[in-house]
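In this note's numbering, the protein residues as written are 1 to 1037.
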Amino acid sequence: MWLSDTSVQRPVFAAVISLLLVILGLLALGRLPVREYPDVNPTVVSVDTSYRGASAEVVERQITQILEDQVAGIAGVQKLTSNSQDERSTITLEFELDRDPDGAANDVRERVSRAVSKLPTEADPPQITKQDTNMDSTMYVNVSSSSRSIMEITDFVRRYLEDKLSVVDGVAMVRMTGTRQYAMRIWLDREALAARRLTVQDVETALRNENVEIPSGRIESQQREFTLRTDTSLKTAADFASLVIGRSPDNRVVRLGEVAEVRLDAEDDRFVSRSDGVPGISLGIVPQSKANVLAVNQGVIDEVERLRSTLPDDIQIDVNVDFSIFIREQLKEVLETLAVALGMVLVVIFAFLGSLRATLIPAVTIPVAIIASFIVMAVMGYSVNTLTLLGTVLAIGLVVDDAIVVLENIVRRMELGQPPLLAAIDGSREIGFAVVATTAVLVAVFVPISFMPGNVGRLFTEFGITLAAAIAFSGLISLTLVPMMASKMFAAGIHRRRLADGIDRFFKQVSDRYRRALEPVVRRPWLAVAALGGTAVIGALLFMRLPSEYAPTEDRGMVIMMLRGPEGATPGYMDRQLRLVERTLAPYVESGIARRVVSRTGMWGSGGDVSSGFIYMPLNDWSKRSVSSPQIAQELRRKFERIPGVTVQVFLPPSLGVRGGGQPLQVVLGGTSYEELAQWRDKVMDRVRRENPRIVGLRSDFFEQKPKIRVEVDRERASDLGVSVTAVGRTLETMLGSRIVTTFVDRGEEYNVVLQARPEDRASPSDLGDIYARSAASGQLIPLASLVSLEETAGPRELKRFNRLRAITLIGGLAPGYSLGDALNYMDRIIAEELPPEARVDYDGESREFRTTGNAIYFTFLLALVICFLVLSAQFESFRHPLIIMLTVPMAIAGGLFGLWLTGSSINVYSQIGAVMLIGLAAKNGILIVEFANQLRDRGVEFTEAIISSAAIRLRPVVMTSLCTAFGALPLLLARGAGAEARQTLGAEVFFGVLVSVFLTLFLIPAVYALLARRTQSPEHIARQVEELKKTAGHTA
């Protein structure tokens, strides 16, 4: 080929090409961000609307449904969910991955504006915001004290720590949990107010009017100017207590302290946060969307260490939870695997070539090809992540293939007596077409991956393109650098060692035996075809027996627990239950299995709900414990079944960036009414609990038993008495809930002033009797008991919708050994048997990803087959030769499935991607044999002898390249530590698939070639006919 000829004749040219690739690749590597996975966060826009005083049912009917009808038709929306709570509606639109966030937000804003006129006039205008879907905390920092209260710790953190952590490079925000914020608490005495003929509105008005700071102009003299400021703001509890709020019936001044207890107290004390049972403040570190999580978390750790030396002796600060540990350890493990794979590949090459000089040539091409692939990664905007590094590990066994094939052919020609310079040129020419063909096929096989829908397509596009880039560069290097280095390094001949001579003798014996075994197979090709059919049947049986799931369950070094108490549970009740769970977990910390137990009541997105809790239990280093996180989770599920009064869900962090919660099983039931949905839910859950214990902790997200007191206002009577509904609502909100009415400043920080009735004045519905509102008409006090009626009810805490349907989601975990695919098939069958045809079924979270990608991967596999077939057809100028070559694919797939079965793995995203890879890997060996058989036939060798000789001569490079690929994947199969489960699955698929494929290919390809290719010709036969016609025409002329 021209390229290899030029490289041998101009060695500096060949060297410069590789040096440029290395320099540009290293520069590109320095610009690549580091992440756990590629950026697959979709565009998410939310619509939030407040409707004060409305129940969840009213909000769902009068706000949520109307807005959903307007925004549903926006282009690119792939999921539409909503949550209607008391006084609040939240609609979330998740767009396709490539949708522009600004354009999506503008479309939503325009559609919502059309619906505003249809909303209740009392509702606030909807707020449209673009959400960062990567707003989860990646680290939790705990601050505690041996002597200070939680209020004092909270104040200290706000003043001295929060801002310092917020300005760490890459930090988007700091979330605080377990806080007790200072506030001026004014506990109103309803009886004292009634005795003095005062109302809640009187107190609010006095606080707002009297607690002000007003600019009062300026005084100017001839020399100086003074600014006047009238400071009437209140600063201490005594200031507030002495505030005049009105006059009693006997015209006596009434001060706030007479009708209320005023003290500096916590604004909200319903939520707690603890670390190993010690109360404290938890600071959640949220990184910016494009930030390097490893760098951000390390920056926070460095800042914590710096702050620790400056803090008072009684303040302790520690990193409680660091989710980047798994990312860091996983990347470290993959890099170690990379080094081991490189070493094993070089050992295989040395064992076959028996020469250090010969081994050095492919040893140089490996890093050049891999470093050059960084150029493509930088141009495409990719990152260094787990998947691209996995692609690099597999690339080690692949990029060396072309170099081996070229080098082996050059060495073979030198052993036949050719001079090194001529052997480099002729050997490269002879094998050049096969190198181009194998490179094109391996690159083409990864193209369909980019067409896969959903997150999987985006995730593995970087994997596939990175691997394809490395293979493409390896093809270029094998035709430039390899022949040049061979011509120079072997100029004085090949220096062989005794080991190499022994290997040559052994391989010659193997080749002779292989040739003798091949002759009857070629003469009876139907035996090989029958073997192919048998292999396909075995593969089909293995496929049906293997479990299927979205991704293998990984030990990510973390166990997460979610607590759910009875509806209406108090903060004190949940605190006691949380401590009970903490005591159950304490032995894991004491034994060194877990680092600590971090707990809190309430959860993100739970609003004011205190009947829930959350626990993180980060585990110790993978090498320092003998049990995995799935084993611990299963053990905890059994223990928590014996804890009464609270439901504890145990789950593991999701893999592959799955959004929507940690539990793998999430089935959405959709219908027209929540009452009907609740009945359907009960039917399905009762049957699942009765007959399938492998679905663990099954629950729903619909809680209809939250105790409520429905307040009905007699609007006609209120109007007659001159009391507005707003005044009634405000009075009830302040007395029975709490209301922030103003602020005060203490040592430069601003705090809230909160009005609320004393706890003993809001303990039962009868307390309404001494709460009054003032009539706007007569000025008289009207008891609220005469205006409202109370009814105790139980209603839903929140109402959810999914893709415009009222919906209830069934959520559950899976017992070890029970796959997600089996669970979803079971749920589909139960739903079909138990529910009427009008019931709608959808999926969320990991279940949605599994269903979305399940069928797509088969289309991708078929597309890869077709593309490879067409690429080979174009190169071989034949449809029969590619068909012969592609018949090796079923064997490779069967081998890969056997590997999954042998190692106890499953069919998941990683194994499916491995199956797509096997298409190119299996075809590669067939190309070497078929292409050389065509060359021998062109030289006049008899048909049967050509195919037998081709297989025998190509036996060594075929085995060498296959063993390099297999041993390059072996470290993945033997992986341990963080993220090992995914690497093991991919390694098993490739390792066993390649080994089975190479063994069977060596017999199948010659047999099928003898059966189908007798009437075929090489790609150059038309060109030779043209040349002969030209010569004939020349002689005639």
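Every residue, glycine too, gets a C-beta built ideally from N, C-alpha and C. Please read these numbers as outputs of a predicted model, since none were measured by experiment.
Reference residue i; option with closest CA among the options
{"i": "VAL627", "options": "ARG556, ASP701 and GLN127", "result": "ARG556"}
{"i": "VAL581", "options": "VAL212, GLU329 and GLN649", "result": "GLN649"}
{"i": "LEU820", "options": "ARG694, TYR573 and ARG880", "result": "ARG694"}
{"i": "LEU870", "options": "ALA75, VAL996, ALA437 and ASP102", "result": "ALA437"}
{"i": "LEU721", "options": "ALA15, VAL345, ALA266 and GLN780", "result": "GLN780"}
{"i": "ARG148", "options": "ILE281, VAL254 and ALA192", "result": "ILE281"}
{"i": "GLU122", "options": "SER137, ASP136 and GLU87", "result": "GLU87"}
{"i": "LEU865", "options": "ASN209, VAL393, PHE446 and ALA358", "result": "PHE446"}
{"i": "ALA266", "options": "GLU590, GLU733, ILE913 and ILE150", "result": "ILE150"}
{"i": "ILE893", "options": "GLU989, ARG983 and ARG954", "result": "GLU989"}
{"i": "ARG885", "options": "PHE861, ILE919 and ALA915", "result": "Correcting the residue type first, residue 885 is Ile in the shown sequence and not Arg. Out of PHE861, ILE919 and ALA915, ILE919 has the C-alpha closest to the C-alpha of ILE885."}
{"i": "ASP239", "options": "SER738, VAL753 and GLY896", "result": "VAL753"}
{"i": "THR439", "options": "PRO419, ASP39, ALA369 and LEU390", "result": "ALA369"}
{"i": "GLN131", "options": "ASP268, GLN223, LEU264 and SER289", "result": "SER289"}
{"i": "ASN292", "options": "ARG31, VAL909, LEU974 and ARG689", "result": "ARG31"}
{"i": "GLN316", "options": "ARG99, ASP322, GLU191 and ILE153", "result": "ILE153"}
{"i": "ILE560", "options": "PRO654, ILE948 and ARG829", "result": "PRO654"}
{"i": "LEU283", "options": "LEU294, ASP163, THR310 and ALA241", "result": "ASP163"}
{"i": "ASP314", "options": "GLU704, GLU415 and SER144", "result": "SER144"}
Counted within 10 angstroms of its Cβ, other Cβ atoms place residue i as buried (16 or more) or exposed
{"i": "ALA874", "result": "exposed"}
{"i": "THR236", "result": "exposed"}
{"i": "ARG1038", "result": "Any property of residue 1038 remains undetermined from this structure, which presents the chain solely from 1 to 1037."}
{"i": "VAL304", "result": "buried"}
{"i": "ASP302", "result": "exposed"}
{"i": "SER700", "result": "buried"}
{"i": "SER18", "result": "buried"}
{"i": "SER248", "result": "exposed"}
{"i": "THR179", "result": "buried"}
{"i": "GLU13", "result": "Per the sequence presented here, residue 13 reads as Phe, with Glu not at that position. By the neighbour-count rule (16 or more Cβ atoms within 10 Å), PHE13 is not buried but exposed."}
{"i": "ILE219", "result": "exposed"}
{"i": "PRO759", "result": "exposed"}
{"i": "GLU791", "result": "exposed"}
{"i": "THR190", "result": "It is Arg, not Thr, that sits at residue 190 in the sequence shown. Label assigned to ARG190: buried."}
{"i": "GLY605", "result": "Any reading at GLY605 is ruled out, since the residue's pLDDT is 44, under 50, leaving its predicted position unreliable."}
Collapsed DSSP secondary structure at residue i in the structure displayed
{"i": "ALA351", "result": "helix"}
{"i": "ALA586", "result": "helix"}
{"i": "LEU283", "result": "strand"}
{"i": "GLU220", "result": "strand"}
{"i": "ALA104", "result": "helix"}
{"i": "ILE560", "result": "strand"}
{"i": "GLN1017", "result": "coil"}
{"i": "GLY804", "result": "Per the sequence shown, the amino acid found at residue 804 is Arg instead of Gly. Looking at ARG804 - three-state DSSP - the assignment turns out to be coil, as it is neither helix nor strand."}
{"i": "GLY795", "result": "strand"}
{"i": "MET574", "result": "helix"}
{"i": "SER373", "result": "helix"}
{"i": "ASP265", "result": "strand"}
{"i": "ALA470", "result": "helix"}
{"i": "GLU549", "result": "coil"}
{"i": "SER819", "result": "coil"}
{"i": "TRP604", "result": "Only weak support is given to the placement of TRP604: the predicted model assigns it a pLDDT of 49, under 50, and the value that follows is read from those uncertain coordinates. Here TRP604 sits in coil by DSSP."}
Extent of the continuous beta strand (DSSP E) to which residue i belongs
{"i": "LEU1002", "result": "Note, LEU1002: premise wrong, no beta strand (DSSP E); alpha helix (DSSP H) at 980-1012."}
{"i": "ASP322", "result": "315-322"}
{"i": "ILE150", "result": "Per DSSP, ILE150 belongs to no beta strand (DSSP E); it is in the alpha helix (DSSP H), 150-156."}
{"i": "SER46", "result": "44-50"}
{"i": "ALA14", "result": "From DSSP, ALA14 is part of no beta strand (DSSP E) but of the alpha helix (DSSP H) over 11-31."}
{"i": "VAL203", "result": "Note, VAL203: premise wrong, no beta strand (DSSP E); alpha helix (DSSP H) at 200-210."}
{"i": "ARG175", "result": "171-177"}
Delimiting residues of the alpha helix (DSSP H) encompassing residue i
{"i": "VAL384", "result": "Neither: VAL384 is in no alpha helix (DSSP H) and is coded neither H nor E."}
{"i": "PRO618", "result": "Element bounds for PRO618: not the alpha helix (DSSP H) but the beta strand (DSSP E), 612-618."}
{"i": "LYS235", "result": "First-last for LYS235: undefined, no H or E at that position."}
{"i": "GLU68", "result": "65-71"}
Beta strand (DSSP E) segments (min. 3 residues) lying fully within the stretch 656-713: 665-671, 695-700 and 706-713
Entirely enclosed alpha helix (DSSP H) segments - the stretch 615-650, minimum 4 residues: 629-640
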